[in-house]
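Undergrad: Here it is: the structure, laid out below.
Chains as they are written, first to last, in this note's numbering: chain L, 115 to 404; chain X, 115 to 404; chain D, 115 to 404; chain Y, 115 to 404.
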């Protein structure tokens with residue numbers, strides 16, 4: 115889930131309510147807040163806590179809420195996990211520390227420390243393009259022996275890595291592999307993954323739920339058909355901007371055009387200006403999103 | 115300056131006092147805290163504030179104190195800069211936001227926002243190996259037009275970039291170029307830089323001050339002689355560990371062997387264990403550091 | 115196809131005959147020589163020509179032969195394509211020049227020059243991990259307008275790129291997308307690709323043909339079953355060595371253990387020594403390859 | 115030295131004569147042909163041999179000629195080295211094989227094979243941005259034990275690596291460290307290097323010779339003055355184009371404007387068109403080059 119903002123360090127509260135309801139109405143089986151699309155690293159701790167509290171209250175147990183606690187400071191990660199646990203979140207999600215690149219032995223030790231202090235089950239979040247470091251296959255294999263770890267969200271886009279994750283996951287019947295770039299949802303679910311955490315589900319949740327189910331049911335024709343819509347969204351909406359920020363800007367812009375929430379973005383980014391907004395509008399109309 | 119710690123989220127206060135005095139006794143012309151070697155991104159905000167307060171009090175105006183405010187969250191950067199200003203720091207230092215890579219136009223806008231809210235002069239900190247993004251030559255050129263920016267600390271290790279920085283700096287008589295990897299101190303000062311921010315100055319500050327002066331005075335023989343000592347330290351002390359963390363671990367290990375401060379490190383790292391510590395000890399003895 | 119060698123600059127001729135027959139007996143629909151697994155860039159031009167001649171004679175029209183002409187020197191690429199055409203090859207295959215990285219406009223101009231001189235249809239070979247440069251989506255789109263280009267072999271392993279290739283290919287009914295890492299054969303054929311160029315088909319061609327057909331026929335259960343075998347081969351055989359050369363060394367080692375051909379490798383590589391060979395033997399026995 | 119061409123696979127013979135004389139008149143102490151600026155990998159073998167023959171004849175012993183034999187095919191490297199030896203060249207120069215990245219043990223073995231077959235002393239050429247692989251410090255250290263290797267040309271631009279090369283070179287009194295990017299000539303000679311291989315010496319050889327001597331003589335004021343001219347050339351002439359090819363295009367363009375030789379470039383590149391040529395002309399006039 116993106117984080118609806120209406121200004122610097124200020125949540126768009128009515129937008130947040132509409133957004134949570136919109137996503138849940140789409141039939142999703144869980145909500146992930148404070149991830150990359152949630153701009154978590156760009157938000158103050160105060161705002162992160164406020165978001166956790168509000169979302170948990172709004173969701174009110176309808177689906178599990180997973181909370182990103184990724185941080186470069188161990189203490190802040192644990193602090194946020196405690197807030198999440200108090201508010202009734204179901205799991206904490208962490209990428210590797212992302213300023214200093216850790217060696218894998220350092221990373222394993224870091225996870226050991228984290229697991230000792232965490233009040234929630236932990237989902238690993240593999241995001242090497244932004245953190246510089248992958249959870250290596252050996253580290254994930256080690257993690258399957260830790261009862262406190264429940265799976266991996268893989269946003270590497272690397273399907274060779276994914277296939278090895280599937281093999282590694284055989285060691286744990288309760289392990290989840292959730293894939294990040296939504297363009298890979300179909301194939302990853304078909305080939306052994308357990309679901310997706312997909313930005314497009316902010317504005318069109320039903321599409322991703324349907325695609326997930328088609329893949330899980332091996333309904334290939336339906337899967338291919340839905341997959342084409344997912345690919346078109348990625349191509350048309352997420353590439354309007356030039357920089358890495360283009361995906362989040364695109365999602366927030368669509369949500370703003372739909373009247374769901376504001377598209378304000380935290381520094382270092384800025385919402386799309388008129389030119390890009392008009393291009394998103396045209397594409398979103400073509401795709402039947404608005 | 116490294117950050118002396120004695121445990122998780124706990125400063126080594128007596129060690130900090132000894133360290134500040136040791137460095138200042140070496141004749142340095144300023145102190146930079148909460149940079150990369152200071153493990154800033156790994157420290158809680160509480161501890162960062164405590165460190166700023168204690169260091170400013172300890173230094174007590176003897177030299178200017180520069181405070182790293184680099185953060186992925188704009189609001190937290192500004193908060194820390196305010197603490198620094200209240201405590202009498204001389205400047206704030208910021209690298210680019212380091213989770214999301216910004217495009218250069220995004221970065222310029224980010225700096226504009228920051229300058230509008232900062233109570234201190236700003237030094238840019240170019241550290242692309244850890245932040246993924248350089249301040250481009252065009253962005254630095256733009257920055258020379260901002261009165262609130264006073265220079266660049268360049269830790270890229272890229273001397274082609276450095277030579278362009280020297281050219282760009284001609285636009286501002288009060289601009290500083292400070293170079294990061296201490297192995298490049300001699301040549302950068304000789305070729306137009308204004309100084310160094312060098313990790314080795316934690317344990318042997320006089321050496322780096324002397325090298326700086328030899329280079330500034332074009333005393334080539336003395337410069338080459340001192341430079342050999344600096345290269346030897348980098349080769350022998352900073353490459354004992356295998357990971358990126360090796361430099362900081364090496365510095366803290368020497369300081370611990372010197373009895374100056376504890377070598378505890380914040381997650382995701384861990385101080386050297388006995389094997390590496392013994393190797394550092396042997397090398398430090400050879401080099402006459404202990 | 116790998117290139118069977120028995121010494122420096124010397125083909126293993128009887129091994130080559132056995133290998134071609136073995137692969138064709140597996141039901142493949144074409145043969146690609148002088149690609150990456152064929153060690154093409156490491157072979158002298160004399161040997162490359164000899165290989166083209168021998169393979170075309172051995173295949174004798176049973177399946178189309180595609181010949182890699184990738185080179186840093188334009189003139190040598192064209193020379194080799196002419197030999198291939200004379201010997202009856204069906205297509206030339208080229209990656210981008212791989213010493214100097216070209217900008218995309220430079221690459222388009224390069225392809226224009228090549229197409230003007232080529233006596234054979236051209237398949238583009240996207241291999242950015244070794245050539246440093248991808249054929250951008252725009253360049254591939256441009257290529258679909260060139261009658262002389264017949265498709266893309268994509269070895270990037272990047273399924274986001276692949277999905278865009280599928281979209282781009284809609285412009286040409288006779289366009290082929292062939293995918294490289296065999297671990298991605300199943301999903302790429304299922305999702306719009308036209309086949310694979312897979313190193314494992316050197317020793318177990320039938321497996322890859324069967325997997326291709328299961329995917330093409332949307333026979334998901336069979337596809338998943340065969341795919342597991344393909345993943346196991348990649349995991350067990352291709353990761354015995356530590357370096358990039360491990361895949362080719364693994365394939366050649368299995369072929370040698372099967373008695374098909376020698377496993378000599380051209381510089382800068384060297385066949386597996388006893389330790390690695392024994393590990394490959396154990397794994398190949400487990401997998402029923404030998 | 116760049117390679118003067120007047121068309122595809124055709125040397126500009128009168129231009130070559132003028133260029134060799136122009137460079138030698140500038141007082142250089144050697145000539146390096148078939149390096150990166152020489153577009154060696156883009157040239158046919160026939161043309162490379164022709165160039166070696168012509169240059170050796172033209173130079174006629176006035177200075178040593180070093181010949182780049184870098185190739186992905188071992189056999190072709192050795193073949194070219196033999197031609198070079200027959201024509202009286204002084205040394206062969208090789209980068210790592212650049213299609214397949216070698217591990218360092220593979221690279222050492224490759225060099226062992228090469229040294230066994232080479233009829234000339236060998237200079238290592240470190241060019242990781244184009245070859246993907248550095249000669250590691252350990253490999254260079256190993257090389258200092260090989261009598262057939264006489265030094266390293268380092269084009270990495272990495273002065274930390276350079277300082278370690280200087281340390282390693284202490285093992286051999288007859289070892290040379292020659293630095294590539296001309297912007298680093300001054301500092302590297304001052305700090306322990308033995309010279310430069312600098313593209314700008316194609317058009318203004320005296321400047322680089324003078325700078326070398328000022329640095330060698332520790333004449334800092336003169337060195338700084340000349341260095342400014344070198345930096346200005348790099349900034350103004352080598353950044354007119356957008357792609358990696360910009361440096362070579364810039365050098366050839368200046369030589370063409372000087373009437374020395376044609377600026378034709380081998381594929382995948384193309385000489386500057388009118389717009390860029392006019393920008394180079396303007397800058398070259400400003401700099402007093404034409």
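Ideal Cβ placement from N, Cα and C applies to all residues, glycine included.
Quick check: the region 330-344 of chain D against the region 121-140 of chain D, are there 3 or more CB pairs under 8 Å?
TA: Too few Cβ pairs lie closer than 8 Å, so no.
Undergrad: Is the CB-CB distance between residue 347 of chain D and residue 309 of chain D below 8 Å?
TA: Contact flag unset, no.
Undergrad: Looking only at its own chain, which residues have a Cβ that is under 7 Å from the Cβ of residue 195 of chain D, when we skip the five neighbours before and after it?
TA: So the list reads 183, 206, 232, 233 and 234, once near-sequence residues are dropped.
Undergrad: For residue 180 of chain L, does the three-state DSSP call read helix, strand or coil?
TA: Three-state result, residue 180 of chain L: strand.
Undergrad: Does any residue of chain X have a CB that is nearer than 8 Å to the CB of residue 157 of chain L?
TA: With 8 Å as the cut-off, residue 157 of chain L counts as an interface residue toward chain X.
Undergrad: Output yes if chain L places a C-beta closer than 8 Å to the C-beta of residue 213 of chain X; else output no.
TA: Closer than 8 Å: yes.
Undergrad: Identify, in the order they occur along the chain, each residue of the same chain with its Cβ nearer than 6 Å to the Cβ of residue 161 of chain X, setting aside the five sequence neighbours on each side.
TA: Within the same chain, residue 161 of chain X has close Cβ partners 123.
Undergrad: In whole angstroms, give me the CA-to-CA distance for residue 330 of chain Y and residue 378 of chain X.
TA: So the alpha carbons of these two residues sit roughly 45 Å apart.
Undergrad: Beta-carbon of residue 477 of chain Y versus every beta-carbon of chain D: anything under 8 Å?
TA: A query on residue 477 of chain Y cannot be resolved here, the shown segment of chain Y reaching from 115 to 404 and no further.
Undergrad: Check distances from the C-beta atoms of the region 369-383 of chain Y to those of chain D and list, in chain order, the residues that come in under 8 Å.
TA: The residues in question are 380, 381, 382 and 383.
Undergrad: In the DSSP assignment, what are the bridge partners of residue 240 of chain Y?
TA: Partner(s): Y:268.
Undergrad: Alpha carbon to alpha carbon, how far is residue 291 of chain L from residue 268 of chain L?
TA: Spanning the two alpha carbons is a distance of roughly 7 Å.
Undergrad: For residue 185 of chain Y, which residues in the same chain have their Cβ closer than 6 Å to its Cβ, ignoring the five residues on either side in sequence?
TA: Same-chain partners within the cutoff: 191.
Undergrad: If you draw a straight line from the alpha carbon of residue 318 of chain L to that of residue 237 of chain L, how long is it in whole angstroms?
TA: Distance between the alpha carbons of residue 318 of chain L and residue 237 of chain L is about 25 Å.
Undergrad: Kindly list, in the order they appear in chain L, the residues whose Cβ is closer than 7 Å to that of residue 217 of chain X.
TA: Within 7 Å Cβ-Cβ: 356 and 357.
Undergrad: With 7 Å as the C-beta to C-beta threshold (strictly closer), list the residues of the region 187-206 of chain Y near chain D in chain order.
TA: Per Cβ criterion, the list reads 187, 188, 189 and 190.
Undergrad: Please list the terminal residues of the continuous beta strand (DSSP E) segment that includes residue 441 of chain Y.
TA: In the structure displayed, chain Y extends from 115 to 404; residue 441 of chain Y sits before or after that span and is not available.
Undergrad: Secondary structure at residue 108 of chain D, three-state DSSP: helix, strand or coil?
TA: Look at the range of chain D in this structure, 115 to 404, and you will see that residue 108 of chain D is not part of it.
Undergrad: Using beta carbons (cut-off 8 Å, strictly below), is residue 122 of chain D in contact with chain Y?
TA: Interface residue, yes.
Undergrad: 8 Å is my cut-off, CB to CB: does residue 223 of chain Y come that close to chain D?
TA: For residue 223 of chain Y, the answer is yes, since a Cβ of chain D falls inside 8 Å of its Cβ.
Undergrad: Would you call the CB atoms of residue 214 of chain X and residue 244 of chain L closer than 8 Å?
TA: Cβ atoms of residue 214 of chain X and residue 244 of chain L: closer than 8 Å.
Undergrad: Entirely within the region 311-387 of chain L and at least 4 residues each: give me those alpha helix (DSSP H) ranges in chain order.
TA: Qualifying alpha helix (DSSP H) stretches, in chain order: 319-330, 334-351 and 360-371.
Undergrad: Between the region 145-159 of chain D and the region 218-231 of chain Y, are three or more C-beta pairs nearer than 8 Å?
TA: Contact fails: fewer than three Cβ-Cβ distances are below 8 Å.
Undergrad: Looking only at its own chain, which residues have a Cβ that is under 6 Å from the Cβ of residue 202 of chain L, when we skip the five neighbours before and after it?
TA: Correct list, in chain order: 170.
Undergrad: If you draw a straight line from the C-alpha of residue 353 of chain D to the C-alpha of residue 271 of chain D, how long is it?
TA: Rounded to whole angstroms, residue 353 of chain D to residue 271 of chain D spans 17 Å at the Cα level.
Undergrad: At a cut of 8 Å, does the region 292-301 of chain X reach the region 271-285 of chain Y through at least three beta carbon pairs?
TA: Judged by Cβ distances under 8 Å, the region 292-301 of chain X makes contact with the region 271-285 of chain Y, as three or more pairs qualify.
Undergrad: Just list the residues that DSSP pairs residue 291 of chain D with in beta bridges.
TA: Note: residue 291 of chain D sits in a beta bridge opposite D:266.
Undergrad: Applying the criterion that 16 or more other CB atoms from any shown protein chain within 10 Å of the CB defines a buried residue, is residue 240 of chain D buried or exposed?
TA: Buried, since its Cβ has 16 or more Cβ neighbours within 10 Å.
Undergrad: Listing by chain order, which chain L residues have their CB less than 9 Å from the CB of residue 334 of chain D?
TA: In chain order: 304, 332 and 334.
Undergrad: For a contact defined as C-beta to C-beta under 8 Å, what are the partners of residue 227 of chain X on chain L?
TA: Within chain L, the residues near residue 227 of chain X are 381.
Undergrad: Could you list which residues in chain X have their beta carbon closer than 9 Å to that of residue 399 of chain L, in chain order?
TA: Under the 9 Å cutoff, chain X gives no residues; its nearest Cβ is about 27 Å from residue 399 of chain L.
Undergrad: When you compare only the Cα positions, how much space is there between residue 149 of chain D and residue 155 of chain D?
TA: So the alpha carbons of these two residues sit roughly 8 Å apart.
Undergrad: Residue 309 of chain Y by DSSP, collapsed to three states: which one?
TA: Here residue 309 of chain Y sits in strand by DSSP.
Undergrad: Over what stretch of residues does the beta strand (DSSP E) that includes residue 130 of chain L continue unbroken?
TA: Premise fails: residue 130 of chain L lies in the alpha helix (DSSP H), 127-139, not in any beta strand (DSSP E).
Undergrad: For the alpha helix (DSSP H) that contains residue 207 of chain D, what are its first and last residues?
TA: That residue, residue 207 of chain D, is in no alpha helix (DSSP H); its beta strand (DSSP E) goes 205-208.
Undergrad: Can you tell me whether residue 294 of chain L is buried or exposed? The criterion is at least 16 other CB atoms within 10 Å of its CB, across all chains shown.
TA: The residue in question, residue 294 of chain L, is buried, as its Cβ has 16 or more Cβ neighbours within 10 Å.
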